[in-house]
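**Student:**
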Amino acid sequence: MKTIITYGTFDLFHIGHVRLLKRLSEMADKLVVGISSDEFNEIKGKSSFFSYKERAEIVASCKYVDEVFSEDNWEQKKDDILKYEASIFAIGDDWQGEFDYLNELCEVIYLERTKDISTTDIKKSLSKLNKDKLEEIESSMHEIINVVKSISPQ
Ligand code: CTP
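Sequential numbering of the sequence shown, starting at 0, is according to numbering that gives the first Met the number 0.
(1) Hey, quick one: how far does the alpha helix (DSSP H) through Val17 stretch, first residue to last?
(2) Sort out for me which residues DSSP pairs Gly7 with in a bridge.
(3) Helix or strand or just coil, what does DSSP make of Ser126?
(4) Run the proximity test for Arg112: is its beta-carbon closer than 6 Å to any non-hydrogen atom belonging to the ligand CTP?
(5) Please list, in chain order, all residues of the same chain as Leu11 whose beta carbon is under 6 Å from its beta carbon, the five residues on each side excluded.
(6) Below 6 Å CB to CB, which residues in the same chain sit around Ala55 once its five sequence neighbours on both sides are set aside?
(7) Quick one: any contact between the segment 14 to 29 and the segment 83 to 100, if contact means 3 or more CB pairs under 8 Å?
(8) Using the three-state DSSP reduction, which class does Thr119 fall into: helix, strand or coil?
(9) Should Glu70 go down as buried or exposed, given a rule of 16 or more other Cβ atoms within 10 Å for buried?
(10) For Gly7, does the count of other Cβ atoms within 10 angstroms reach 16, so buried, or fall short, so exposed?
(11) With a Cβ-Cβ cutoff of 7 Å, do Leu20 and Tyr51 count as a contact?
(12) Pick helix, strand or coil for Tyr83, following the three-state DSSP scheme.
(13) Could you check whether the Cβ of Leu19 sits closer than 6 Å to any heavy atom belonging to the ligand CTP?
(14) The ligand CTP and Phe68: does the residue's C-beta get closer than 6 Å to at least one heavy atom of that ligand?
(15) Where does Phe88 fall in DSSP's three states?
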């Protein structure tokens, strides 16, 4: 029985997440996923749109995933690997080299990320949409004010 363990925040679940989990599930009999808790995200200086509970429910519902658990600190990975008897620790190559120290317990692999997508980019695009919309409303307001001024008696 080959178990792979992986970790992430998995906020605004997107195609990069799906492809990573799919590839890992194809390499293993069992895929377990540590999801960053809200408290751990705070430690990392991140804040997610969806709560831990929601993110964990979303990832657990993905057909490539067998089990999810919460990641609450940087130090727990060794215990998790032993607990789940994982033979491979895997993560995207944005973390290249960072987890080589886990090599003493299992194989450590870094997978190529899906190009041109990340939770950060999605958040940026959404906030830009809001900004554009606000600018549009502001400009309409100015037009209305000008029309009202032009027809009101001096
Ligand atoms: N991942 C990936 N391809 C992407 C985005 C993420 O393979 N385009 C992988 C990451 O390398 C990681 C896992 O998915 O192994 C969870 O990543 P996470 O940090 O939750 O997603 P990101 O989109 O990278 O989020 P952020 O922008 O907040 O860093």
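For every residue, glycine included, the Cβ atom is placed at its ideal position computed from N, Cα and C.
Just so we're clear, the structure is a prediction, and the values are computed from it rather than from any experiment.
**Tutor:** With the given structure in hand:
(1) Boundaries of the alpha helix (DSSP H) around Val17: 14 to 26.
(2) For Gly7, DSSP records a beta bridge to Ile34.
(3) DSSP places Ser126 in helix when its eight states are reduced to three.
(4) Taking 6 Å as the cut-off, the C-beta of Arg112 counts as close to a heavy atom of the ligand CTP.
(5) Here the set comprises Phe48, Thr118, Ile121.
(6) Exclusion of the five residues before and after Ala55 leaves Ile34, Val67 as the residues of its chain whose Cβ lies within less than 6 Å of its Cβ.
(7) Yes, they touch.
(8) Three-state DSSP puts Thr119 in a helix.
(9) Label assigned to Glu70: buried.
(10) Under this definition Gly7 is a buried residue.
(11) With respect to Tyr51, Leu20 sits apart: the two C-beta atoms are not nearer than 7 Å.
(12) In this structure, Tyr83 counts as coil in the three-state DSSP scheme.
(13) Yes; taking the cut-off as 6 Å, the Cβ of Leu19 has a heavy atom of the ligand CTP nearer than that.
(14) Result no, Cβ not under 6 Å from the ligand CTP.
(15) Reduced to three states, the DSSP call for Phe88 is strand.
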